[in-house]
Amino acid sequence: MLVVRRWCIGLSVVLAAPAAAQLDNLDEALRTTPITTQELSENFHVLFGVGGNILVSIGANGVLIVDDQFPQMVPKYKATIGSLGGGAVDFAINTHWHFDHADGNQVLGPEGTWLVAQENSRQMMTKNNVINLVTTTREQAAYAETALPVLTYDDRMRFHFNGERIDLLHFGPAHTTGDTAVVFRGHKAVHLGDVFNNAGYPFIDADNGGSLSGIIEFCSKVLAEIDETYTVVPGHGPVTDAEALLEYVAMLTTIRDRMSALIGSGATLEQVAAARPTAEWDERKGDPAGFLNRSYLSLTRERR
Ligand SMILES: [Zn+2]
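Residue numbers (my numbering): -17 to 286.
See the structure below:
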């Protein structure tokens, strides 16, 4: 599991080994990691493998998934969906364009799955990108036409599928510039992609427009859309509840305010890190270095 976690973008803070070794680990993880499942309710499951958590709805209208991991994982989770009573994947919603959530498009798109994403994420998928993970960088090449979303939206989109209303919500730049929260109104569940990381500090793709303040605002607006009974599916880490999302927002707000005060008095990144604005969460969340680096960049950019 550790090998897998090293390759979750949401856990970039634990990236430590040289990039080549991580790529080796990724290949091995993709070969050896099985799909495991968590049933949230009948015909409604979270699938774990390599990459972002997948949410699956199975029913009379067919199969809809949120996020699609890597091409090597597609046959594995299609088999799992089959064993859960589903058929072909009719719709795949990408919470954002990062490879560990959307590379599965390269298999699903050509097979006829309708791919869905926020418009900015589709734009990113049409070009070559570099993701700066602080300790390493990851190049993500443009997708072929067949792997691009065929349905996009700007702020809101709605599905009526398998007996419930499903809202796709975008609230501006956060983890990336094209994040989607997918709210299943009937099941009272939301998938937040990497805007919510429940496995460590969040990664902020600040080189590509991501923003710490944006993550706080995005999560706050999602909280305004749901109630305390909702199940919350993070991009990475265990499934949790609305209270955990509320605590995450409170943590990030406290850290942001501390950093902003330091930055306001002219502190460098090194000085901010030395002041340990994340101190009380580090034991639980891990090394904050990458998170502080990306947060510092986004906060100093906001001041200009
Ligand atoms: Zn991501």
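Even glycine gets a Cβ: it sits at the ideal position worked out from N, Cα and C.
Note that this is a predicted model, so its numbers are computed, not measured.
With residue i as the anchor, note down where its beta strand (DSSP E) starts and where it stops.
| i | result |
| --- | --- |
| Val221 | Per DSSP, Val221 belongs to no beta strand (DSSP E) and is neither H nor E. |
| Ser23 | 18 to 23 |
| Arg138 | 138 to 143 |
| His78 | It is not in any beta strand (DSSP E) - His78 carries neither H nor E in the DSSP assignment. |
| Thr119 | 119 to 122 |
| Glu93 | Unbroken run through Glu93 is the alpha helix (DSSP H), 87 to 93; no beta strand (DSSP E). |
| Asn114 | 111 to 114 |
| Ala171 | 171 to 173 |
| Gln51 | Counting along the chain, Gln51 falls outside any beta strand (DSSP E), and DSSP gives it neither H nor E. |
| Asp187 | Careful: Asp187 lies outside any beta strand (DSSP E) and carries neither H nor E. |
| Val132 | That residue, Val132, is in no beta strand (DSSP E); it is neither H nor E in DSSP. |
| Glu293 | Beyond the ends of the chain as shown, which are -17 and 286, falls residue 293; an answer cannot be given. |
Hey, how far is the Cα of residue i from the Cα of residue j?
| i | j | result |
| --- | --- | --- |
| Ala123 | Asp239 | 36 Å |
| Val71 | Val56 | 10 Å |
| Ala163 | Phe185 | 17 Å |
| Glu21 | Glu101 | 31 Å |
| Pro270 | Ile17 | 29 Å |
| Gly191 | Glu252 | 22 Å |
| Leu234 | Asn43 | 39 Å |
| Pro259 | Gly91 | 43 Å |
| Pro53 | Ile148 | 26 Å |
| Ser202 | Thr95 | 32 Å |
| Trp79 | Thr134 | 12 Å |
| Thr62 | Phe153 | 33 Å |
| Thr77 | Asp49 | 6 Å |
| Cys(-10) | Arg286 | Note that Cys(-10) scores 46 on pLDDT, short of 50, meaning its location in the model is unreliable; the coordinates nonetheless yield the value given after this. Taking the straight line from one Cα to the other gives about 31 Å. |
| Gly248 | Asn275 | 16 Å |
| Thr19 | Gln88 | 23 Å |
| Ala3 | Ala74 | A caution first: Ala3 carries a pLDDT of 39, below 50, which makes its placement in the model too unreliable to give a value. |
Is it right to say residue i is buried, meaning 16 or more other beta carbons lie within 10 angstroms of its own, or is it exposed?
| i | result |
| --- | --- |
| Asp264 | exposed |
| Phe273 | buried |
| Lys60 | buried |
| Pro155 | buried |
| Asn110 | exposed |
| Asp176 | buried |
| Gly68 | buried |
| Thr213 | buried |
| Val112 | exposed |
| Pro216 | buried |
| Arg266 | exposed |
| Ser280 | buried |
| Thr333 | Residue 333 lies beyond the stretch modelled for the chain, which goes from -17 to 286, so this question has no answer here. |
Please list the terminal residues of the continuous alpha helix (DSSP H) segment that includes residue i.
| i | result |
| --- | --- |
| Arg283 | 271 to 285 |
| Ser202 | 194 to 207 |
| Val165 | Where Val165 is concerned, there is no enclosing alpha helix (DSSP H), although the beta strand (DSSP E) it sits in stretches over 163 to 166. |
| Ile63 | 56 to 65 |
| Ser103 | 101 to 107 |
Quick one: does the C-beta of residue i sit closer than 7 Å to a heavy atom of ligand 3?
| i | result |
| --- | --- |
| His78 | Summarising the ligand content, the structure contains ligand 1 and does not contain ligand 3. |
Give a yes or no on contact between the segment 138 to 156 and the segment 113 to 127, applying the rule of three or more CB pairs nearer than 8 Å. Counting C-beta pairs with one atom in each stretch, the segment 138 to 156 and the segment 113 to 127 have fewer than three that are closer than 8 Å, which means they do not touch.
State whether the segment 27 to 36 contacts the segment 222 to 233, with contact taken as three or more CB pairs (one from each stretch) at a distance under 8 Å. As far as the Cβ criterion goes, the segment 27 to 36 does not touch the segment 222 to 233, which means the pair count is below three.
Measuring CB atoms only, is the segment 147 to 160 touching the segment 189 to 208, in the sense that at least three cross pairs come out at less than 8 Å? Because the criterion of three Cβ pairs below 8 Å is met, the segment 147 to 160 and the segment 189 to 208 touch.
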